[in-house]
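Undergrad: Protein chains in written order, with our numbering: chain A, 2 to 226; chain B, 95 to 324; chain C, 30 to 295.
Positions of the beta carbon are idealized from the N, C-alpha and C atoms, including for glycine.
Note that the coordinates shown come from a computational prediction; the quantities given were computed from them, not determined experimentally.
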Amino acid sequence: MNSYKFDWNVIDKYLPELLRGLFITLEVSAVGMVLALVIGLLLATGRLSSHRFTRAVSNGVVQLFRSIPLFVMLFWVYYGLSLKFHLMFTSFQAGAIALGITGGAYMAEVYRGGLTAVDAGQREAAIAMGMTRADAFLFVVLPQALRIVIPPTVNVYVGLLKGATIVSVIGVSDMIYVAQYVSLQTFTPFELYSVAGLIFVCLTLSISGFAWMLERRLGKGRTYG
Amino acid sequence: MDSSQPFFDFSAVWASMPILLKGFGLALFCASVAIILAVILGLAVALLRLSPIRALRWFAFVYTQLFRGIPLYVLVIWVYFGLAIAAGVNLPAIPAGIITLALLNSGYLSETFRSGILAIDRGQIEAGIALGLSRGEVMRHIVLPQALRIIIPPLGNQYVDAIKDSAILSIIGVPELMRESEQLANLYYRPFEFYTFAGALYLIAVLGVSKGMNTLEKKLSAHSAHTRAI
Amino acid sequence: MTFESGHEESSKPTFLELRGVSKSFGEHKVLDQINLTVAEGEVLVVIGPSGSGKSTLLRCINFIAAPDEGEVIFEGHSWKVFKSKFNFVANRKYEKKLTILRSEIGMVFQNFNVFPHMTAAQNVVLGLTKVRKLGKAEARLAAVAALSQVGLSDKVDQYPEKLSGGQKQRVAIARALALKPKVMLFDEATSSLDPELVNGILEEMRRLAKAGMTMVVVTHEMNFAFQVASRIVFMDQGRIVEIGTPDEIKRTTEPRTRSFLSAILN
Numbered sequence: 002m003n004s005y006k007f008d009w010n011v012i013d014k015y016l017p018e019l020l021r022g023l024f025i026t027l028e029v030s031a032v033g034m035v036l037a038l039v040i041g042l043l044l045a046t047g048r049l050s051s052h053r054f055t056r057a058v059s060n061g062v063v064q065l066f067r068s069i070p071l072f073v074m075l076f077w078v079y080y081g082l083s084l085k086f087h088l089m090f091t092s093f094q095a096g097a098i099a100l101g102i103t104g105g106a107y108m109a110e111v112y113r114g115g116l117t118a119v120d121a122g123q124r125e126a127a128i129a130m131g132m133t134r135a136d137a138f139l140f141v142v143l144p145q146a147l148r149i150v151i152p153p154t155v156n157v158y159v160g161l162l163k164g165a166t167i168v169s170v171i172g173v174s175d176m177i178y179v180a181q182y183v184s185l186q187t188f189t190p191f192e193l194y195s196v197a198g199l200i201f202v203c204l205t206l207s208i209s210g211f212a213w214m215l216e217r218r219l220g221k222g223r224t225y226g
Numbered sequence: 095m096d097s098s099q100p101f102f103d104f105s106a107v108w109a110s111m112p113i114l115l116k117g118f119g120l121a122l123f124c125a126s127v128a129i130i131l132a133v134i135l136g137l138a139v140a141l142l143r144l145s146p147i148r149a150l151r152w153f154a155f156v157y158t159q160l161f162r163g164i165p166l167y168v169l170v171i172w173v174y175f176g177l178a179i180a181a182g183v184n185l186p187a188i189p190a191g192i193i194t195l196a197l198l199n200s201g202y203l204s205e206t207f208r209s210g211i212l213a214i215d216r217g218q219i220e221a222g223i224a225l226g227l228s229r230g231e232v233m234r235h236i237v238l239p240q241a242l243r244i245i246i247p248p249l250g251n252q253y254v255d256a257i258k259d260s261a262i263l264s265i266i267g268v269p270e271l272m273r274e275s276e277q278l279a280n281l282y283y284r285p286f287e288f289y290t291f292a293g294a295l296y297l298i299a300v301l302g303v304s305k306g307m308n309t310l311e312k313k314l315s316a317h318s319a320h321t322r323a324i
Numbered sequence: 030m031t032f033e034s035g036h037e038e039s040s041k042p043t044f045l046e047l048r049g050v051s052k053s054f055g056e057h058k059v060l061d062q063i064n065l066t067v068a069e070g071e072v073l074v075v076i077g078p079s080g081s082g083k084s085t086l087l088r089c090i091n092f093i094a095a096p097d098e099g100e101v102i103f104e105g106h107s108w109k110v111f112k113s114k115f116n117f118v119a120n121r122k123y124e125k126k127l128t129i130l131r132s133e134i135g136m137v138f139q140n141f142n143v144f145p146h147m148t149a150a151q152n153v154v155l156g157l158t159k160v161r162k163l164g165k166a167e168a169r170l171a172a173v174a175a176l177s178q179v180g181l182s183d184k185v186d187q188y189p190e191k192l193s194g195g196q197k198q199r200v201a202i203a204r205a206l207a208l209k210p211k212v213m214l215f216d217e218a219t220s221s222l223d224p225e226l227v228n229g230i231l232e233e234m235r236r237l238a239k240a241g242m243t244m245v246v247v248t249h250e251m252n253f254a255f256q257v258a259s260r261i262v263f264m265d266q267g268r269i270v271e272i273g274t275p276d277e278i279k280r281t282t283e284p285r286t287r288s289f290l291s292a293i294l295n
């Protein structure tokens with residue numbers, strides 16, 4: 002193996018552009034996350050419905066969205082849907098939608114976990130006092146469920162962030178896209194992708210670390226009787 | 095709107111079945127080999143995490159954090175293009191893809207193994223030793239069976255993830271399901287149909303693996319004669 | 030089961046009565062045609078083996094578990110089970126009416142069910158503001174008073190995780206009492222407590238009984254039962270086997286009661 006000279010100049014020159022691309026990645030994943038929160042909520046309420054049909058459909062949809070690779074979903078939305086139904090999504094939109102759909106399925110699981118983790122006795126005690134179901138949910142169950150739900154939600158976001166890198170394939174000029182075309186010009190893929198990878202690792206680690214700290218802080222909401 | 099052709103036309107899909115199924119098979123193959131490698135790697139790293147030597151522990155920690163924080167897409171390109179140029183090694187696409195999948199999943203799996211091993215109650219080991227069993231026998235008859243039961247579900251999840259992740263290998267030219275679907279979709283100008291079908295195949299694979307893992311778990315529980323207190 | 034009035038005016042003014050109450054969970058009939066009257070100021074203690082339906086009986090009184098058949102008559106109003114298959118609005122309205130019933134009946138649970146995300150005071154304030162519609166300041170004053178009553182004046186702003194089991198149960202009792210209920214239900218209130226804390230809670234319950242609160246208590250604490258009860262109810266397999274004063278029960282010739290008592294009291 003011959004010695005390889007790491008070209009630091011390339012990094013020096015193109016780092017700003019890489020970071021600009023990172024910003025786009027953050028944007029796409031943020032929009033996708035918002036969608037995921039909403040879609041996940043819809044699916045979660047569907048799964049808890051008293052109608053068997055709604056439950057079955059919701060469960061099926063969640064299973065479906067969790068089984069399809071993000072990559073396939075992306076192409077299905079961007080090429081498949083737009084060609085078939087003449088919905089002209091921009092690549093950014095398609096990316097956000099694909100992320101939202103996939104993330105939504107995971108969020109549905111997270112919501113469900115949060116609600117079931119709150120001890121049933123909590124709601125009972127509130128109802129026994131004469132509180133309405135709405136009040137019991139809003140003031141007793143929901144606050145506790147939120148505390149449980151926040152760390153896994155952040156995990157889903159980190160997943161979306163990592164998944165968002167794929168959107169460069171359909172033309173979104175995110176960090177990977179920048180790395181791609183620069184490395185085509187300068188023949189330095191090793192440097193550029195190493196840096197891109199490192200930036201990502203730092204980003205995801207800090208977000209995860211933040212979630213971990215959050216979980217410890219919120220620990221006082223531990224649920225028991 | 096094109097009215098001469100039917101709205102949903104899967105005829106091209108049915109006609110291309112052989113190619114698509116071949117790609118599907120390749121995807122499953124890559125995922126399977128990758129998972130096996132990941133299990134070996136992950137186990138090794140997990141043991142390193144539990145090592146008494148600090149340097150090894152630290153290395154293992156960095157390893158897991160690295161491969162859990164890096165997007166697969168970046169890793170794939172880095173391994174195939176970047177590493178190849180830097181190390182002067184010319185890796186063909188399929189091995190490169192498998193290695194990438196293996197590396198990525200090994201990060202997650204090492205965590206799974208570590209918590210699985212730690213989850214075994216110390217008291218069990220002590221009881222086994224007090225009975226006069228050797229460390230090896232304790233491992234084999236007491237620790238491992240219980241650890242396996244804890245590990246199977248997350249392992250199943252990783253396998254499912256590996257199958258889904260195999261789609262990314264199309265970027266480096268591996269002729270798996272996604273790539274074939276892509277090329278055929280462009281050829282016949284039927285992206286919706288082809289990607290829908292691809293999605294269905296992945297769904298089947300995921301359901302199959304989940305079902306398989308469930309039965310495996312049940313079988314393992316049946317074999318152990320002792321009852322668990324739930 | 031008409032909707033019009035989920036509750037009707039009853040002819041006989043009993044304080045609290047269960048008439049023909051039955052409840053099943055799936056195939057299993059947990060309560061079978063229960064008839065029970067509770068007089069005002071009475072302390073009714075329900076004893077019996079596990080699975081006899083004691084807890085379910087309690088939960089039917091305030092409709093936390095809705096009876097499948099029968100009615101609960103409280104303060105002249107009769108409450109029956111109501112569930113319209115399609116009229117969601119009617120169901121909602123009935124639920125709202127039930128909150129009135131429940132606000133007059135306080136319940137203390139075996140596993141406390143204290144709200145962990147709120148301080149002791151906030152636990153009490155929640156009911157006062159949401160159910161009794163008190164203002165925040167008023168509620169806070171009442172909450173502090175209620176907590177002092179159960180000996181927790183120094184723990185008013187503590188979170189439950191810092192409190193012992195006995196203290197948590199006291200919060201639960203204060204929380205229920207603050208709403209000034211007419212009846213207090215105790216569902217094995219001491220069963221989850223460490224032995225040294227049990228007496229503290231039993232003391233609270235004794236105080237309440239002495240003060241004239243109408244109580245229905247499910248418990249395994251036999252000494253307490255025989256000391257404090259006005260009447261004891263022995264239940265077995267979803268039915269009331271016998272009801273009597275503590276003396277009557279002690280001298281009973283009913284075989285099932287005898288065998289239960291001898292098993293417990295030995």
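Since residue 122 of chain A meets chain C, which of its residues come closer than 7 Å, beta carbon to beta carbon?
TA: Here residue 122 of chain A refers to the residue found at position 121 of the first sequence. What residue 122 of chain A touches in chain C: 138, 140, 142.
Undergrad: For residue 216 of chain B, verify whether its CB is less than 7 Å away from any heavy atom of the ligand ADP.
TA: In terms of ligand content, the structure shown is empty, and the ligand ADP therefore cannot be addressed.
Undergrad: Let me see if you follow: with CB-CB separation under 8 Å, is residue 23 of chain A close to chain B or not?
TA: Walking along the first sequence from the start, residue 23 of chain A turns up at place 22. No, because no Cβ of chain B sits closer than 8 Å to the Cβ of residue 23 of chain A.
Undergrad: Could one say the Cβ of residue 91 of chain C lies closer than 8 Å to chain A's Cβ atoms, at least one of them?
TA: By 1-based counting over the third sequence, the position of residue 91 of chain C is 62. Output row for residue 91 of chain C: interface = yes.
Undergrad: Could you tell me which whole beta strand (DSSP E) segments of length 3 or greater appear in the region 102-186 of chain C?
TA: You should have 106-109, 134-137.
Undergrad: Listed from N- to C-terminal order along the chain, which residues in the region 241-268 of chain C have their beta-carbon within a distance smaller than 7 Å of any beta-carbon of chain A?
TA: Against chain A - using a Cβ distance shorter than 7 Å - the region 241-268 of chain C contributes no residues.
Undergrad: With a threshold of 8 Å on Cβ separation, who are the neighbours of residue 49 of chain C within its own chain once the five nearest residues in sequence on each side are excluded?
TA: Indexing the third sequence from 1 puts residue 49 of chain C at position 20. Hits under 8 Å: 62, 63, 64, 98, 99, 100.
Undergrad: Would you report the Cα separation of residue 129 of chain C and residue 103 of chain A, rounded to the nearest angstrom?
TA: In the third sequence, the residue the question calls residue 129 of chain C occupies position 100. In the first sequence, the residue the question calls residue 103 of chain A occupies position 102. Approximately 45 Å between the Cα atoms of the pair.
Undergrad: Answer yes or no: does any C-beta atom of chain A fall closer than 8 Å to that of residue 159 of chain C?
TA: Indexing the third sequence from 1 puts residue 159 of chain C at position 130. Answer yes: the Cβ-Cβ gap between residue 159 of chain C and chain A drops below 8 Å somewhere.
Undergrad: Which residues share a DSSP beta bridge with residue 47 of chain C?
TA: Taking the first residue of the third sequence as 1, we reach residue 47 of chain C at position 18. Residue 47 of chain C pairs with C/65, C/101.
Undergrad: Pop quiz: residue 174 of chain B and residue 187 of chain B are said to be a contact at Cβ under 8 Å. What is the actual Cβ separation, rounded to whole angstroms?
TA: For the purposes of this step, residue 174 of chain B is taken as residue 80 along the second sequence, with counting starting at 1. For the purposes of this step, residue 187 of chain B is taken as residue 93 along the second sequence, with counting starting at 1. Right, the Cβ-Cβ distance comes to about 7 Å (below 8 Å), so this counts as a contact.
Undergrad: Is any beta-carbon of chain A found at less than 8 Å from that of residue 276 of chain B?
TA: Locating residue 276 of chain B in the second sequence gives position 182, counting from the first residue. Closer than 8 Å: yes.
Undergrad: Determine, for residue 159 of chain B, whether the minimum Cβ-Cβ distance to residues of chain A falls below 8 Å.
TA: Within the second sequence, residue 159 of chain B is the residue found at index 65, counting from 1. So yes, residue 159 of chain B belongs to the interface.
Undergrad: Are the beta-carbon atoms of residue 142 of chain B and residue 196 of chain B separated by less than 8 Å?
TA: Taking the second sequence and counting its residues from 1, the one referred to as residue 142 of chain B is at position 48. Taking the second sequence and counting its residues from 1, the one referred to as residue 196 of chain B is at position 102. No, the pair does not count as a contact, with Cβ atoms beyond the cut-off.
Undergrad: When you compare the CB of residue 193 of chain B with every CB in chain A, is at least one pair closer than 8 Å?
TA: Position 99 of the second sequence, counted from the first residue, corresponds to residue 193 of chain B. No, residue 193 of chain B lies away from the interface with chain A (no Cβ there is under 8 Å from its Cβ).
Undergrad: Measure the Cβ-Cβ separation of residue 65 of chain A and residue 108 of chain A and say whether it is below 8 Å.
TA: What you label residue 65 of chain A is simply residue 64 of the first sequence in a count that begins at 1. What you label residue 108 of chain A is simply residue 107 of the first sequence in a count that begins at 1. No, Cβ-Cβ distance for residue 65 of chain A and residue 108 of chain A is not below 8 Å.
Undergrad: Any idea which residues DSSP pairs residue 211 of chain C with across the strands?
TA: Within the third sequence, numbered from 1, the residue matching residue 211 of chain C stands at position 182. The partner list for residue 211 of chain C (beta bridge, DSSP) is empty, contrary to what the question assumes.
Undergrad: Cα separation between residue 68 of chain A and residue 101 of chain A?
TA: Here residue 68 of chain A refers to the residue found at position 67 when the first sequence is read from its first residue. Here residue 101 of chain A refers to the residue found at position 100 when the first sequence is read from its first residue. Approximately 14 Å, taken between the alpha carbons.
Undergrad: Which whole-angstrom value describes the C-beta separation of residue 257 of chain B and residue 122 of chain B, a residue pair presumed to lie in contact below a C-beta threshold of 8 Å?
TA: As a working mapping, residue 257 of chain B is identified with position 163 in the second sequence. As a working mapping, residue 122 of chain B is identified with position 28 in the second sequence. Confirmed, about 7 Å.
Undergrad: Can you pull the chain A residues whose beta carbon is under 7 Å from the beta carbon of residue 176 of chain B, in chain order?
TA: In the second sequence, counting from the first residue as 1, residue 176 of chain B sits at position 82. Near residue 176 of chain B (Cβ distances below 7 Å), the residues of chain A are 190, 191, 194, 195.
Undergrad: So, helix, strand or coil for residue 51 of chain A, using DSSP?
TA: Within the first sequence, the letter at position 50 stands for residue 51 of chain A. Residue 51 of chain A: coil per DSSP, three-state reduction.
Undergrad: For the alpha helix (DSSP H) containing residue 223 of chain C, list its first residue and its last residue.
TA: Translated into positions along the third sequence, residue 223 of chain C becomes position 194. From DSSP, residue 223 of chain C is part of no alpha helix (DSSP H); its letter is neither H nor E.
Undergrad: Is the beta carbon of residue 44 of chain C sitting closer than 8 Å to the one on residue 243 of chain C?
TA: Numbered from 1 along the third sequence, position 15 holds the residue referred to as residue 44 of chain C. Numbered from 1 along the third sequence, position 214 holds the residue referred to as residue 243 of chain C. Closer than 8 Å, so yes.
Undergrad: Does the beta carbon of residue 262 of chain B sit closer than 8 Å to a beta carbon anywhere in chain A?
TA: Position 168 of the second sequence, counted from the start, is the residue given in the question as residue 262 of chain B. It does: the Cβ of residue 262 of chain B has a partner Cβ on chain A nearer than 8 Å.
Undergrad: Check whether the region 15-23 of chain A and the region 167-184 of chain A touch, using three or more Cβ-Cβ pairs below 8 Å as the test.
TA: Segments in contact, yes.
Undergrad: Under DSSP, the beta strand (DSSP E) around residue 273 of chain C begins and ends at which residues?
TA: Here residue 273 of chain C refers to the residue found at position 244 of the third sequence. Start and end: 268-273.
Undergrad: What residues from chain B crowd round residue 85 of chain A, counting only those whose CB sits closer than 7 Å?
TA: Locating residue 85 of chain A in the first sequence gives position 84, where the first residue counts as 1. Chain B residues near residue 85 of chain A: 286.
Undergrad: Could you name the residues of chain C that residue 126 of chain A contacts, counting a contact when the two beta carbons are closer than 7 Å?
TA: Taking the first residue of the first sequence as 1, we reach residue 126 of chain A at position 125. Residues of chain C passing the Cβ test: 138, 142.
Undergrad: Taking the alpha-carbon positions, what's the residue 155 of chain B to residue 204 of chain B distance?
TA: Looking up residue 155 of chain B in the second sequence gives position 61. Looking up residue 204 of chain B in the second sequence gives position 110. Approximately 10 Å, taken between the alpha carbons.
Undergrad: If you count every other CB in all the chains shown that lies within 10 Å of the CB of residue 274 of chain A, and 16 or more means buried, which is it?
TA: Here chain A has residues from 2 to 226 only, and residue 274 of chain A is not among them.
Undergrad: Residue 234 of chain B lies in the alpha helix (DSSP H); which residues open and close that run?
TA: For the purposes of this step, residue 234 of chain B is taken as residue 140 along the second sequence, with counting starting at 1. Unbroken run through residue 234 of chain B: none, as it is neither H nor E.
Undergrad: Mind checking if residue 236 of chain C is an interface residue toward chain A, Cβ cutoff 8 Å exclusive?
TA: The count along the third sequence starts at 1 and reaches residue 236 of chain C at position 207. No, its Cβ sits nowhere closer than 8 Å to a Cβ of chain A.
Undergrad: Using a cut-off of 7 Å between C-beta atoms, extract the partners of residue 168 of chain B located in chain A.
TA: Mapped onto the second sequence, residue 168 of chain B falls at position 74. What residue 168 of chain B touches in chain A: 166, 177, 194, 197, 198, 201.
Undergrad: How would you label residue 309 of chain B, buried or exposed, when you count the other beta carbons within 10 angstroms and need 16 or more for buried?
TA: To locate residue 309 of chain B, count along the second sequence from 1; it is residue 215. It counts as exposed.
Undergrad: With a cut-off of 8 Å, do at least 3 Cβ pairs link the region 263-274 of chain B to the region 205-218 of chain B?
TA: Judged by Cβ distances under 8 Å, the region 263-274 of chain B makes no contact with the region 205-218 of chain B, as fewer than three pairs qualify.
Undergrad: Locate the beta strand (DSSP E) running through residue 243 of chain C, then write down its first and last residues.
TA: On the third sequence, residue 243 of chain C is found 214 positions in, with the first residue counted as 1. Note, residue 243 of chain C: beta strand (DSSP E), 243-247.
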